[in-house]
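Before any comments, here is the structure.
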Amino acid sequence: MEQDTLLQRIILNPKVMAGKPVIKGTRLTVQYILNLLAHGSTIDEILREYPGLSKEDILACLRYASETLEDSTFMPLVETG
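At position 75 of the sequence shown (counting the first as 1) the number is 71 in our numbering, and the numbers step up by one without a gap.
And the structure:
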């Protein structure tokens, strides 16, 4: 997926979901889609649940997350309690 395609599918708008990255034309955040995948949903299951989405939308979420993490500074997770 080319960068231009990613930018066409994932948008950030301060008036939509408090500016979180969402799939264009929806209120589905990248984080929500990643959470579904992380908890075992398949791409096909997500597409059945949200018929307005395409496989490319889901892949754009993964790519967005990957590219965001590529340029991030990380803090170690510390167990509390």
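Heads up, the beta-carbon is just placed ideally off N, CA and C, and yes, glycines get one too.
Every value quoted in this text rests on a predicted model; they were computed, and no experiment measured them.
Quick check on the burial criterion: 16 or more other C-beta atoms within 10 angstroms. Buried or exposed for Arg44?
exposed
Decide if Leu8 is buried, meaning its Cβ has at least 16 other Cβ atoms within 10 Å, or exposed.
exposed
Span of the alpha helix (DSSP H), counted from its first residue to its last, around Ser50
First-last for Ser50: undefined, no H or E at that position.
So, helix, strand or coil for Val26, using DSSP?
helix
Assess contact between the stretch 45 to 57 and the stretch 16 to 23, defined as three or more Cβ pairs (one per stretch) separated by less than 8 angstroms. Is contact present?
Output reads yes: the stretch 16 to 23 touches the stretch 45 to 57.
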